[in-house]
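Chemist:
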Amino acid sequence: MGAYSHFPIFIIAIPMVMAVLMPAIGYKNEKYCPKAVVVALLSSTTLTGLLFFRVKPEGYLSYHMSSWEPPFGIEIRIDFLSLFILATICAISLLVAIFSQKYILKELEANKIPSFYCLFLLLTASMLGFVATGDIFNMFVFMEILALSSYALVAIAGNREAVRAAFKYLLMGAPSSIMVLLAITLLYSVTGTLNMADLSAKIADSGYREVLFASIVIFLIGFGVKAALFPLHMWLPDAHSIAPSPISAMLSGLVVEVGAYAILRILFSVFTTSSPTLSGTSEVLGIISAAGVLFGGILAITQKDFKMMIAYSTISHIGYILLGISVMNDKALTGSVFHIFDHGMAKACFFLCAGAFIYKKGYRRIEDLKGAARQMPWTSFAFSLAALSVIGIPPTAGFISKWYLIWGCIAGGYYLYAVIFLVGSVLAAVYCLRIIYYIFFLAPDEEKWSRKVDEAPLRILIPVWTLSLSTFVFGVISFLIIPSLQQAATFLIIR
Amino acid sequence: MSGTRLLENFHYIGAVILFCVGLYSVIIQKNIIKKIIGLNIMETSVFFFLVSLGYLSKGQPPIYVNGVEAGQMVNPIPQALILTGIVVAVSTTAVALALVILLYKQYGTLDVDKLMREEEE
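Residue numbers (the working numbering), protein chains in the order written: chain W, -13 to 481; chain A, 2 to 122.
#1: DSSP has SER484 of chain W in a bridge; who is on the other side?
#2: Within 8 Å, do at least three Cβ pairs link the stretch 94 to 112 of chain W to the stretch 44 to 56 of chain W?
#3: Along chain A, which residues have their Cβ under 7 Å away from the Cβ of SER175 of chain W?
#4: Just the chain W side, please: which residues come within less than 7 Å of MET43 of chain A by C-beta, in chain order?
#5: The stretch 132 to 157 of chain W: which residues have C-beta closer than 7 Å to a C-beta of chain A, in chain order?
#6: Quick test of your reading: GLU147 of chain W and PHE477 of chain W, contact by CB under 8 Å. State the CB separation rounded to the nearest angstrom.
#7: Using 8 Å as the Cβ pair cut-off and three pairs as the minimum, do the stretch 175 to 194 of chain W and the stretch 205 to 217 of chain W touch?
#8: With a threshold of 8 Å between beta-carbons, can GLN73 of chain A be considered close to chain W, or not?
#9: If we cut at 8 Å on Cβ distances, does VAL127 of chain W have a partner in chain A?
#10: Please confirm if PHE11 of chain A has its CB atom under 8 Å from at least one CB of chain W.
#11: Given a limit of 7 Å on CB to CB distance, which residues of the stretch 60 to 93 of chain A reach chain W?
#12: Kindly indicate which residue of A:GLY55, A:LEU116, A:LYS36 has the alpha-carbon position closest to the one of ALA81 of chain A.
#13: I'd like the span of the alpha helix (DSSP H) that includes GLY378 of chain W, first residue to last.
#14: Classify ARG437 of chain W as buried or exposed, calling it buried when 16 or more other Cβ atoms lie within 10 Å of its own Cβ.
#15: Step through the CB atoms of chain W and report whether any lies within less than 8 Å of the CB of GLN107 of chain A.
#16: Any chance you could list the alpha helix (DSSP H) runs of at least 4 consecutive residues sitting entirely within the stretch 116 to 150 of chain W, in chain order?
#17: Determine the direct distance from the alpha carbon of LEU185 of chain W to that of ILE379 of chain W, and round the result to whole angstroms.
#18: Give me, in chain order, the residues of the same chain whose beta-carbon lies closer than 6 Å to that of LEU264 of chain W; leave out the 5 immediate sequence neighbours on both sides.
#19: If you compare alpha carbons, which of W:LEU105, W:ILE344, W:ILE75 is closest to ILE228 of chain W?
#20: Mapping DSSP to helix, strand and coil, what is ASP112 of chain A?
#21: Under the rule that 16 or more other beta-carbon atoms within 10 Å means buried, what is ILE142 of chain W, buried or exposed?
#22: How many Å lie between TRP221 of chain W and LEU57 of chain A at the Cα?
#23: Out of W:GLY120, W:THR32, W:LEU206, which has the shortest C-alpha to C-alpha gap to ASN181 of chain W?
#24: What do you reckon, are the CB atoms on PHE324 of chain W and TYR403 of chain W nearer than 8 Å?
#25: Anyone know if the C-beta pair for ALA225 of chain W and TYR155 of chain W falls short of 8 Å?
#26: Can you list, in chain order, the residues of its chain with a C-beta nearer than 7 Å to that of ILE170 of chain W? Leave out the 5 residues immediately preceding and following it.
#27: Scan the stretch 82 to 98 of chain W for residues whose Cβ lies nearer than 8 Å to a Cβ of chain A and list them as they occur along the chain.
#28: Identify, in the order they occur along the chain, each residue of the same chain with its Cβ nearer than 7 Å to the Cβ of SER136 of chain W, setting aside the five sequence neighbours on each side.
#29: Should MET362 of chain W and GLU441 of chain W be called a contact, given that it needs their Cβ atoms to be closer than 8 Å?
#30: Does the separation of the CB atoms of TYR306 of chain W and VAL279 of chain W fall below 8 Å?
#31: Expressed to the nearest angstrom, what Euclidean distance is found between the alpha-carbon atoms of VAL6 of chain W and HIS12 of chain A?
#32: Closer than 8 Å between beta carbons: that is the criterion. Which residues of the stretch 25 to 37 of chain A meet it against chain W?
#33: Could you say if the stretch 158 to 175 of chain W and the stretch 197 to 211 of chain W meet the contact criterion of at least three C-beta pairs nearer than 8 Å?
#34: Look up MET74 of chain A in the DSSP assignment and say whether it is helix, strand or coil.
#35: By Cβ distance below 8 Å, which residues in the same chain neighbour ALA73 of chain W in space, the five residues on each side in sequence not counted?
#36: Quick one: does LEU104 of chain A have its CB under 8 Å from some CB of chain W?
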């Protein structure tokens, strides 16, 4: 115990307090802002890393806010799965923060920089809180902070497209938040508690099956919008492609994944797998996420805009994660959680590469990227390495997660879903290889790309390369992580 | 049987009607200010539902004075929850209205159809 016991709250509190201080830090000179952000996120990352020594795959760490015992007080509950996702969030946002340092000067005026970093830290802190909390109403509050800061970040450039994309996002996001609140209210009305662990115990013997069923359907619609589940994804392509590139990386690599993680929590921690209410719902979830895999993949192939293509590919990959969740066995769940991790890294890397191209040349259309590798070989190679993970070529992390997802589908008897995963990988190969073909093998227009190597600055290249190398490295060393994840997933399922 | 239970819980019906009115205006209305009003009506309906859960006729404030027993007190949790909920709703509305101002400056219209038509051009 001792100082250890207060770690969970500091992981969330440090970025949140720093976010509020950001206008004061940037008051004299906005150059201090990115440094403060890096310090805050570095300390959160360190604390999260230290928690790995504490949390065992079968156990969890429970922290009671101001010593009020749950179910009355707010509980922060970190089990191995949420710790893994916390670490992913911390690490990716740290790298994105380093990337933004140079990049954001290109896209925003100087007076917007403190507010950009303030919103950036709020986004990160609310995601951390959202994942760590064990109280369902607290989850809603963090979700709203997350949603509000992401609307503002999409709109931050203030031009026509940005404002419209943000408003579109808000028009779908705000009703979905109300849906989540309604579902929480319905659960509260039949159980009288808001603590997740307590809820799962009380749901089993509360008799109101219809109310529970209504609540889970409304939860799925509400979090489905946040996670861009297939028919509710309309906001995603605009918001993700028009936001500044580091924010696209955050939204696409983390925010939608966190929505998928919320669905995981609701299905497995609140309603347990033994609950009869789940039986029909999970099948419907499976069918629509399978449709999402195909839809996102096909539309990604037809896009002309580079960032738009990455955004549609995100819809396809969210389909993978939710499909794995809907199968409901330990293998597929392991695959899903690992996919949240490696898709987050690969997608963040994609958007940061797109950002590097925009930083250097301002080109967004795929046509204009012809022959970019001659001028920017390092960025292009990083993109290709991350693309291998998105496609799922063996030693990369993307392969490991797809392997477990397909294994889980076959073990659960869902052969059709296994085929869908393979078709999704083929689609991913088509849209990724198309970009690689354009970048590497087509002759550039002489006025667009010079033949001399002229790369983006090091502060942009380091995060890009760290992300793309780690998709590779974590694939190779996945044998260190997967057993613990699988143990944690089994623990979640058989409960 | 179920009819009388429905009558006893008439406030649930009120909440459902409000929710539907709100959802209708978010989806159908062309004017984005009206959409935001619809959003607020939806929020209000959820708050109404939540606070009516804690209602108790002749209920006492949840404070142990003058020999009040726990059974006679109204449930304070829904009230605390909607207080938080209202703060969240106000901030959402504020952000939405700020975006509306920006939209109006950029496009000169509040009509959703016209905004979407701009997109196709």
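Beta carbons are placed, not taken as given, at the ideal position from N, Cα and C, and that holds for glycine.
None of the values given here were measured: they were computed from a predicted structure.
Modeler: In brief:
#1: Because chain W here runs from -13 to 481, residue 484 of chain W falls outside it and cannot be looked at.
#2: no
#3: LEU54
#4: PRO161, ILE164
#5: LEU134, TYR137, ALA138, ALA141, GLY144, ARG146, VAL149, ARG150, ALA152, PHE153, LEU156, LEU157
#6: With 8 Å as the limit, GLU147 of chain W and PHE477 of chain W do not qualify as a contact, their Cβ atoms being about 46 Å apart.
#7: no
#8: no
#9: yes
#10: no
#11: LEU82, THR85, GLY86, VAL89, SER92, THR93
#12: A:GLY55
#13: No alpha helix (DSSP H) holds GLY378 of chain W; DSSP gives it neither H nor E.
#14: exposed
#15: yes
#16: 122 to 141
#17: 41 Å
#18: PHE257
#19: W:ILE344
#20: strand
#21: buried
#22: 42 Å
#23: W:GLY120
#24: no
#25: yes
#26: ILE122, PHE123, PHE126
#27: none
#28: LEU109, LEU237, VAL241
#29: yes
#30: yes
#31: 40 Å
#32: VAL27, ILE33, LYS36
#33: yes
#34: strand
#35: THR31, THR34, GLY35, PHE38
#36: yes
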